[in-house]
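In this note's numbering, the protein residues as written are 10 to 212.
We put the beta carbon where it would ideally sit given N, CA and C, even for glycine.
Reading through the structure tokens given below for one structure.
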Amino acid sequence: MRVLGVDPGLTRCGVGVVEGVAGRPLTMLGVGVVRTPADADIGPRLVGIERGIEEWIDRFQPELVAVERVFSQHNVRTVMGTAQASAVAMLCASRRGIPVALHTPSEVKAAVTGSGRADKAQVGAMVTRLLRLSAPPKPADAADALALAICHIWRAPAQNRLQQAVAQNRLQQAVAQNRLQQAVAQNRLQQAVALHAPKGRTS
């Protein structure tokens, strides 16, 4: 599986591509940051992020794009910018028919470091170790993007099993419901036949 991780942000949007499967060594194919000037208008900045992500998709042809799920913060302006960049990443992927997965920061930290409270330095150190890099990717946004990709690759098998179990359960419920409806219909038919059947004569 080849996953493009996107750590959304207006000024620095981290991007990283990781390839591999759960349980085996992973390989980093590329890592970087899509930057936009902080003093520019929001429209051109979003266009810049779009173009940057499109270039990464064109270059690496990912099978899936993993994006950090935006969560509430005290700084509303930061949240808005992150949400806007996140929407651009999802749009770029969806426009090409590439599946998108969202992971919360705590999910990513827990998957990569074993603790949902890990700091950026710990995440960077584990990403470096897991991908057998010579040094942690800089800036931290780039390391976070790789962590997102790693998180999805490791979590995908469990998510697939859960989805299959849910689908199987729904199928079983549908079959049971269908059988019940058939039984009810058959019972009503039998009642109707008995009601309209000719009664025997009495002397």
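Identity of the residue in the options nearest residue i by Cα
i	options	result
PRO71	SER115, GLY18, ARG11	ARG11
ALA154	LEU55, PRO34, GLY90, VAL136	VAL136
LEU139	ALA31, LEU19, PRO17, GLN195	ALA31
VAL74	GLN200, GLY106, ARG86, THR91	GLY106
GLY90	LEU38, GLN186, LEU19	LEU19
ALA102	ALA201, GLU64, VAL40, PRO146	GLU64
ARG78	LYS147, ARG141, LEU142, CYS160	CYS160
VAL40	LYS147, HIS205, ARG188	LYS147
Beta-bridge pairing of residue i - partner residues as DSSP gives them
i	result
ARG11	GLU28
CYS22	VAL43
ASP16	GLY23
SER109	In the sequence on display, residue 109 carries Val and not Ser. DSSP lists VAL74 as partners of VAL109.
THR36	GLU28
Buried versus exposed call for residue i [16 or more other C-beta atoms within 10 Å across all chains shown]
i	result
PRO108	exposed
ALA192	exposed
GLY52	exposed
GLY123	exposed
THR36	exposed
ALA8	Outside the displayed range of the chain (10 to 212) lies residue 8, so it cannot be described from this structure.
SER95	buried
VAL76	buried
ALA47	exposed
VAL85	exposed
ALA127	buried
ALA110	buried
PRO17	buried
Beta-carbon contacts of residue i that lie in its chain and below 7 Å, excluding the five residues immediately before and after
i	result
ALA149	LYS129, GLY133
GLN195	none
HIS112	ALA75, GLU77, ARG78, LEU157, CYS160, HIS161
For residue j and residue i, believed in contact at Cβ under 8 Å, the rounded distance
i	j	result
ARG21	ARG44	6 Å
VAL117	ILE62	Contact doesn't hold; Cβ gap of about 19 Å is too wide.
VAL88	GLU59	Actually they are not in contact, since the Cβ atoms of VAL88 and GLU59 sit about 20 Å apart, beyond 8 Å.
VAL26	PHE69	5 Å
ARG164	ALA120	6 Å
ALA156	PRO145	No, ALA156 and PRO145 are not in contact; Cβ-Cβ is about 11 Å, not under 8 Å.
ILE66	LEU13	7 Å
8 Å CB neighbourhood of residue i in its chain, flanking five on each side removed
i	result
GLY29	MET10, LEU35, THR36, ILE162
ASN169	Its pLDDT being 46, under 50, ASN169 is placed unreliably in this model, and the value from its coordinates should be taken loosely. Correct list: empty, nothing qualifies.
LEU142	MET37, VAL136
Cβ-based neighbour list, residue i, same chain, cut-off 6 Å, excluding 5 preceding and 5 following
i	result
VAL42	ARG21, GLY23, ASP150, ALA151
SER115	GLY125
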